[in-house]
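Heads up: the sequence shown begins at -11 in our numbering, then just goes up one per residue.
Notes for the one structure printed next.
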Amino acid sequence: MNKLPSIKAVVAGTGAYLPEKVLSNFDLEKMLDTSDTWIRTRTGIQERRIAAKDECSSTMAAEAAKMALECANTEAQDIDLIIVATSTPDVIFPSTACFVQKEIGAGKAAAYDVSAVCSGFIYAMSIAEQYIKSGRYKNILIIGSEVNSRILDWTDRTTCILFGDGAGAAVLKGVEAERECGVLSSHIYSDGNQSHIISVPGGIGKTSVTHEAIDEKQYCIKMVGNTTFKMAVKKMVEVAKEALEFNGLSPEDIDWMVPHQANKRIIDSVAERLDFPEEKTFINIHKYGNTSGAAIPIALHEANSSGKMKAGDLVLITGLGAGLTWGAVVIRW
Ligand code: UT7
-11 MNKLPSIKAV VAGTGAYLPE KVLSNFDLEK MLDTSDTWIR TRTGIQERRI AAKDECSSTM
49 AAEAAKMALE CANTEAQDID LIIVATSTPD VIFPSTACFV QKEIGAGKAA AYDVSAVCSG
109 FIYAMSIAEQ YIKSGRYKNI LIIGSEVNSR ILDWTDRTTC ILFGDGAGAA VLKGVEAERE
169 CGVLSSHIYS DGNQSHIISV PGGIGKTSVT HEAIDEKQYC IKMVGNTTFK MAVKKMVEVA
229 KEALEFNGLS PEDIDWMVPH QANKRIIDSV AERLDFPEEK TFINIHKYGN TSGAAIPIAL
289 HEANSSGKMK AGDLVLITGL GAGLTWGAVV IRW
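Now the structure itself:
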């Protein structure tokens, strides 16, 4: 029996933007009681990028978006929907996605942000997959963009050494095809009971901006590092296994794993527990640190544009972030 064509959500192009300014571990040594050796051995990070004064999530997102559109050979005016995954929006409202829409000239697109922190891009991809597979939209631009440097306590060595700024983007297109291609499945989860282990506790919507909260640095990232570490390994492995099983795949079938880049030791533990080889695990944390929602799309873009990831490759994405939120996606590239 002939299989009828159905709509697949195919990744048609990727892009990324990294600010020019590099902040190395050696620079941090001059600012804090830390060392290059500690940071490198505990996290795998060597340097990270820091946004310039006139840059923010929307400006970086727009640059990444323009690159993804060019790569996908798609005009901005043909985009139906823009989703920006960010936990560092330019302002509380309007959404960062609306600023991006204006900047790139995507006049007919609906635009909104999703807030799922380091899992944000996985959430955005999952949403885009549903809209495309249902036939509602044809061209969707998804972006992860973060200016973490603006919400860090630069005197807290347990958090400020970890994060960096940047943006990554992808264009998803609806394509009628009989063969299996594009996003095969996405799996997303949350656990609000764990919201306290990594958060920005200052509640502008809850209490307004207060002098006390500023003095206590409540508008900065606070994290219980080792608990977050353990949860990251556990949940990323769990959801990656679920995604593989759902598609009848085993780790040997996967050409590239693109994990969230929070800590090289987390990535190594996830790969080890999945029995997944290091040479097929994409890692760029040494260059950028943890760019939260931007980490996965930046990694996807680097794997794609460097020619490492090729058409037809099976790609497994997995990540965890504040919320807690976590998820996985399997893509036939
Ligand atoms: O994006 C998703 C969310 N984020 C994550 O998934 C990150 C998860 N957590 C981590 O990556 C790790 O827990 C950290 C890198 C944050 C910390 O590594 P750790 O191996 O869990 O170290 P620790 O917190 O247990 O601290 C070990 C020691 C402590 O000293 P004492 O108490 O043993 O004397 C810390 O004070 O390391 C000390 N320390 C540092 N020393 C030098 C903590 N930060 C630093 C630092 N430089 N930057």
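Even for Gly, the Cβ is constructed at its ideal location relative to N, Cα and C.
Item, Value
"If we count the other Cβ atoms within 10 Å of its Cβ and call it buried at 16 or more, is Ser75 buried or exposed?", "buried"
"Could you check if Gly193 belongs to the surroundings of ligand 1, using beta carbon to heavy atom distance under 7 Å?", "no"
"Could you pull out every unbroken beta strand (DSSP E) segment of at least 3 residues lying fully inside the segment 145 to 177, listed in chain order?", "153 to 165"
"Kindly examine ligand 1 and report whether one of its heavy atoms sits closer than 7 Å to the Cβ of Arg36.", "no"
"Within 10 angstroms of the Cβ of Asp42, are there 16 or more other Cβ atoms? Answer buried if so, exposed if not.", "exposed"
"Answer yes or no: do Ala310 and Asn278 have a C-beta to C-beta separation smaller than 8 Å?", "no"
"Return the first residue and the last residue of the alpha helix (DSSP H) that Ile254 is part of.", "Lys252 to Leu262"
"Looking only at its chain, what residues have a beta carbon closer than 6 Å to the beta carbon of Gln206, apart from the 5 residues adjacent to it on each side?", "Pro189 and Gly190"
"Rounded C-beta distance between Ser187 and Ile110? I'm assuming under 8 Å.", "Not a contact, Cβ separation roughly 19 Å."
"Report, in whole angstroms, the separation of the C-beta atoms of Val318 and Cys169, which I expect to be a contact under 8 Å.", "In fact, because the Cβ distance is near 12 Å, the residues do not count as touching under 8 Å."
"For a quick check, are the C-beta atoms of Ile130 and Leu160 less than 8 Å apart?", "yes"
"In whole angstroms, what is the alpha-carbon distance linking Ala60 and Gly1?", "4 Å"
"Can you say whether Met133 is buried or exposed, counting buried as having 16 or more other CB atoms within 10 angstroms of its CB?", "In the sequence as displayed, the identity of residue 133 is Ser instead of Met. With 16 or more Cβ atoms within 10 Å of its Cβ, Ser133 is classed as buried."
"For Asp301, which residues from the same chain have a beta carbon less than 7 Å from its beta carbon, with the 5 sequence-adjacent residues on both sides left out?", "Asp243, Trp244 and Trp321"
"Any heavy atom of ligand 2 inside 7 Å of the beta-carbon of Ile110?", "Absence of ligand 2 from the depicted structure is noted, with ligand 1 being the only ligands included."
"With DSSP as the reference, label Asn292 as helix, strand or coil.", "helix"
"Just the C-alpha distance for Leu11 and Ala155, rounded to the nearest angstrom, thanks.", "17 Å"
"Considering Cα atoms alone, identify which of Asp68, Asp256 and Met48 is closest to Ile38.", "Met48"
"Kindly indicate the opening and closing residues of the beta strand (DSSP E) around Ser12.", "Lys9 to Ser12"
"Whose C-beta lies closer than 6 Å to the C-beta of Ser83 among residues of the same chain, with five residues either side of it excluded?", "Tyr100 and Asp101"
"Distance check for Asp24 and Phe14, CA to CA, integer angstroms please.", "6 Å"
"Quick check: does the Cβ of Phe340 come within less than 7 Å of any heavy atom belonging to ligand 1?", "In the structure as shown, the chain starts at -11 and stops at 321, and residue 340 therefore has no counterpart that could be examined."
"Using a Cβ-Cβ cut-off of 6 Å (strictly less than) and excluding sequence neighbours within five positions of Gly162, which residues of its own chain qualify?", "Ile(-5), Ile120 and Lys126"
"Distance, Cα to Cα, Ile271 vs Pro7?", "19 Å"
"How long is the line joining the alpha carbons of Asp78 and Asp153, rounded to whole angstroms?", "13 Å"
"Which parts of the segment 52 to 130 are runs of the alpha helix (DSSP H), unbroken and 4 residues or longer, counting only runs that do not cross its ends?", "84 to 92 and 108 to 121"
"How big is the Cα-Cα spacing for Thr92 and Ala64?", "Before going on, a small fix: residue 92 reads as Ile here, not Thr. Going from the Cα of Ile92 to the Cα of Ala64 covers about 6 Å."
"Quick one: give me the first and last residue of the beta strand (DSSP E) that Val212 is part of.", "Taken as a continuous stretch (DSSP letters only), Val212 belongs to no beta strand (DSSP E), as it is neither H nor E."
"Do Ala112 and Ala73 come within 8 Å of each other at the CB atom, strictly closer than that value?", "yes"
"Looking at the C-beta of Leu262, does it have a partner C-beta in chain B at a distance below 8 Å?", "Here chain B cannot be found, since the structure has a single protein chain."
"Would you say the beta carbon of Cys59 comes nearer than 7 Å to a heavy atom of ligand 1?", "no"
"Are the Cβ atoms of Ser114 and Gly307 separated by less than 8 Å?", "no"
"Between Ile139 and Thr22, what straight-line distance do the alpha-carbon atoms span, to the nearest angstrom?", "20 Å"
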